[in-house]
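Each residue of the sequence shown is one higher than the one before, counting from 33 in the working numbering.
Below is one structure; the comments refer to it alone.
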Amino acid sequence: MKYPVGRQETIKHSLFGGVSTKECKHNCYRIKLKQLNANFTCNFEVLDKAVICENVLPVSEGPWLDELKGLGVILTDTNVSSEPIQVLIGAYIMGKLLTGKRKLLFSGLVAVETHLGWTLMGKVPQVSTERVNLAMTVTSLFVKEAEIADLWRLDVLGIKEPMEKKSKQERDLKTKESFKETVIFNQDNRYEVCLPWADDSFPLPDNFNFAKKRLEVTTEKLLSGNLYDKYENVFQDWLDEGIIEEVPPNEVALYGKYLPHRPVIKESSSTTPIRPVFDASSKLQGHPSLNQCLQCGQILLN
């Protein structure tokens with residue numbers, strides 16, 4: 033897939049039946065996966081292996097295909113030749129990809145939906161004179177090379193088992209190094225740095241309507257307290273100074289993460305009697321907040 037090597041890890045594999053391998057080195061890569069219709073994209077770290085496992089057969093012909101079609105379940109790998117496995121997703125990641133939807137078929141198979149597509153699990157019924165006893169899991173995946181800029185923008189999914197997670201000190205060091213590597217001094221004489229995404233975060237949902245509702249509530253409170261003009265002037269000053277910029281109308285409908293804000297009033301302050309505070313801890317039900325998806329890093333202030 034031509035991904036750059038991120039680092040190397042030495043791992044001892046414990047296999048079925050208690051068999052263990054010798055310690056071996058694996059290259060670690062960050063790859064990008066997306067749904068065929070491009071509605072969902074994620075990236076996470078994987079380890080390399082010349083042969084991951086034996087080929088998984090595609091879904092065979094049978095009445096379950098018509099049943100799946102009637103249920104509105106579409107599988108993308110039916111009636112095709114078996115291809116080598118390119119990506120094996122561990123349970124630690126798979127649990128985050130499940131949507132919670134499943135369909136139990138008359139044949140005993142179970143269709144389980146993931147953010148990357150539908151999977152089919154269970155024992156394939158006997159369809160010929162030969163005895164067939166094959167348990168299979170088929171996941172529709174689409175592997176695409178990721179641009180480096182995409183990896184910065186995308187939320188990161190963790191791939192390691194809990195016992196392999198980096199210590200806080202290692203994570204802080206990684207965050208600090210990432211800060212040094214990505215910080216730039218732009219043409220407006222301002223510093224820019226990429227957000228330090230956490231290794232076990234999950235993609236953020238589009239929260240435009242949520243943020244809009246919060247803004248409407250905030251506006252009502254400001255108007256009732258005769259503070260709307262003062263609050264608006266702060267944003268206008270930021271706009272004039274180039275601290276913020278207006279989103280073009282044709283980009284408002286695009287996917288994005290919006291930060292709700294609220295006023296903090298301090299009448300005793302001669303410089304900032306009212307100022308906006310952005311709420312990066314806000315979140316939709318069942319989804320993480322922006323703060324939960326970022327590394328805290330070291331405390332740099334004494």
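The beta-carbon is built from N, C-alpha and C at its ideal position, and this holds for glycine as well.
Here the structure is a predicted model, which is why all the values come from computation and not from measurement.
Going by DSSP, name the residue or residues bridged to Gln40. Reading the sequence shown from its first residue, position 8 is the one you call residue 40. Asn59, per the DSSP bridge assignment.
According to the Cβ coordinates, are Pro305 and Lys298 closer than 9 Å? As a working mapping, residue 305 is identified with position 273 in the sequence shown. As a working mapping, residue 298 is identified with position 266 in the sequence shown. Yes, these two residues count as a Cβ contact at 9 Å.
Distance, Tyr223 Cα to Asn87 Cα: On the sequence shown, position 55 is the one that residue 87 refers to. On the sequence shown, position 191 is the one that residue 223 refers to. Approximately 49 Å between the Cα atoms of the pair.
Could you tell me the distance, in whole angstroms, from the CA atom of Ala123 to the CA atom of Glu278? As a working note, residue 123 is residue 91 in the sequence shown. As a working note, residue 278 is residue 246 in the sequence shown. One C-alpha to the other measures close to 42 Å.
Residue burial classification, Thr151 (beta-carbon count within 10 angstroms, cutoff 16): Position 119 of the sequence shown, counted from the first residue, corresponds to residue 151. Buried, since its Cβ has 16 or more Cβ neighbours within 10 Å.
Touching by the beta-carbon criterion (3+ pairs, under 8 Å), the region 203–211 and the region 251–267: no
Closest to Glu41 by CA distance: which of Phe48, Leu47, Phe72 and Glu77 is it? Residue mapping note: residue 41 aligns to position 9 of the sequence shown, counting from 1. Among Phe48, Leu47, Phe72 and Glu77, the Cα nearest to that of Glu41 belongs to Glu77.
Taking all protein chains shown into account, do 16 or more other C-beta atoms lie within 10 angstroms of the C-beta of Lys66, making it buried, or fewer, making it exposed? Counted from its first residue, the sequence shown places residue 66 at position 34. With 16 or more Cβ atoms within 10 Å of its Cβ, Lys66 is classed as buried.
Along the chain, where does the beta strand (DSSP E) that runs through Glu93 open and close? To locate residue 93, count along the sequence shown from 1; it is residue 61. Unbroken run through Glu93: none, as it is neither H nor E.
Contact check, Pro292 vs Asp311 under 8 Å by CB: the rounded distance? Within the sequence shown, residue 292 is the residue found at index 260, counting from 1. Within the sequence shown, residue 311 is the residue found at index 279, counting from 1. With 8 Å as the limit, Pro292 and Asp311 qualify as a contact, their Cβ atoms being about 5 Å apart.
Indicate whether Val37 and Asn59 have their beta-carbon atoms separated by less than 9 Å. Against the sequence shown, residue 37 aligns to sequence position 5. Against the sequence shown, residue 59 aligns to sequence position 27. It is a contact, given that the beta carbons lie within the stated cut-off.
Alpha carbon to alpha carbon, how far is Arg109 from Leu130? Counting from one through the sequence shown, the residue named residue 109 turns up at place 77. Counting from one through the sequence shown, the residue named residue 130 turns up at place 98. What sits at residue 109 in the sequence shown is Asp, not Arg. Distance between the alpha carbons of Asp109 and Leu130 is about 19 Å.
For Gly318, count the other beta carbons within 10 Å of its own beta carbon; 16 or more makes it buried, fewer makes it exposed. Which is it? Numbered from its first residue, the sequence shown carries residue 318 at position 286. When all chains shown are included, Gly318 counts as exposed.
Assumed close pair Gly288, Asp238 - CB separation to whole angstroms, cut-off 8 Å: Indexing the sequence shown from 1 puts residue 288 at position 256. Indexing the sequence shown from 1 puts residue 238 at position 206. So it is a contact: roughly 7 Å between Cβ atoms.
Pairwise C-alpha distance: Val91 and Leu137: Translated into the one-based positions of the sequence shown, residue 137 becomes position 105. Translated into the one-based positions of the sequence shown, residue 91 becomes position 59. Their Cα atoms are separated by approximately 14 Å.
In whole angstroms, what separates the C-alpha of Thr73 from that of Ile216? Here residue 73 refers to the residue found at position 41 of the sequence shown. Here residue 216 refers to the residue found at position 184 of the sequence shown. Cα to Cα, Thr73 sits roughly 27 Å from Ile216.
Does DSSP put Ala181 in a helix, in a strand, or in coil? Here residue 181 is taken as the residue at index 149 of the sequence shown, counted from 1. Low confidence applies to Ala181: its pLDDT is 43, below 50, so where it sits in the model is not reliable, and the reading given next is rough at best. Ala181: helix per DSSP, three-state reduction.
Can you tell me which of Gly102, Leu100 and Ile121 puts its alpha carbon nearest to the alpha carbon of Asp80? Within the sequence shown, the letter at position 48 stands for residue 80. The option with the nearest alpha carbon to Asp80 is Ile121.
To the nearest angstrom, report how far apart Lys212 and Ser314 are at their CA atoms. Reading the sequence shown from its first residue, position 180 is the one you call residue 212. Reading the sequence shown from its first residue, position 282 is the one you call residue 314. Each residue's Cα considered, the two are about 28 Å apart.
Which of the three DSSP states is assigned to Arg246 in this structure? The sequence position of residue 246 within the sequence shown is 214, counting from 1. Three-state result, Arg246: helix.
For Lys66, which of helix, strand or coil comes out of DSSP? Within the sequence shown, the letter at position 34 stands for residue 66. Lys66: strand per DSSP, three-state reduction.
Please report whether the beta-carbon of Lys244 lies at a distance below 9 Å from any beta-carbon of chain D. No chain D appears in the structure shown, which is made up of a single protein chain.
Within the continuous beta strand (DSSP E) that includes Val144, where are the two ends? Along the sequence shown, read from residue 1 onward, the residue named residue 144 stands at position 112. Unbroken beta strand (DSSP E) run through Val144: Val142 to Thr146.
So does Gly38 have its beta carbon nearer than 8 Å to some heavy atom of the ligand ADP? Inclusion of the ligand ADP in the displayed structure is not the case, the ligand content being empty and no account of it being possible.
According to the neighbour-count rule (16 or more other Cβ atoms, all chains shown, within 10 Å of its Cβ), is Val225 buried or exposed? In the sequence shown, counting from the first residue as 1, residue 225 sits at position 193. It counts as exposed.
Might you give, ordered along the chain, the residues of its own chain that have their beta carbon closer than 7 Å to the beta carbon of Glu209, omitting 5 neighbours on each side? Translated into the one-based positions of the sequence shown, residue 209 becomes position 177. So no residue of the chain qualifies.
Pick helix, strand or coil for Lys200, following the three-state DSSP scheme. Here the question's residue 200 lines up with position 168 in the sequence shown. DSSP places Lys200 in helix when its eight states are reduced to three.
Gln268 burial status per 10 Å Cβ neighbour count (16 or more: buried): Stepping through the sequence shown from its first residue, residue 268 is reached at position 236. So Gln268 ends up on the exposed side.
For Pro308, which of helix, strand or coil comes out of DSSP? Counting from one through the sequence shown, the residue named residue 308 turns up at place 276. Note: Pro308 maps to strand in three-state DSSP.
Mind checking Asn71: buried by the 16 CB within 10 Å criterion, or exposed? If you number the sequence shown from 1, residue 71 lands on position 39. It counts as exposed.
By a C-beta neighbour count over all protein chains shown, 10 Å radius and 16 as the cutoff for buried, is Val296 buried or exposed? For the purposes of this step, residue 296 is identified with residue 264 of the sequence shown, where counting begins at 1. When all chains shown are included, Val296 counts as exposed.
Pair within 9 Å by beta-carbon distance, Met126 and Leu141: For the purposes of this step, residue 126 is taken as residue 94 along the sequence shown, with counting starting at 1. For the purposes of this step, residue 141 is taken as residue 109 along the sequence shown, with counting starting at 1. Not in contact: Met126 and Leu141 (Cβ atoms no closer than 9 Å).
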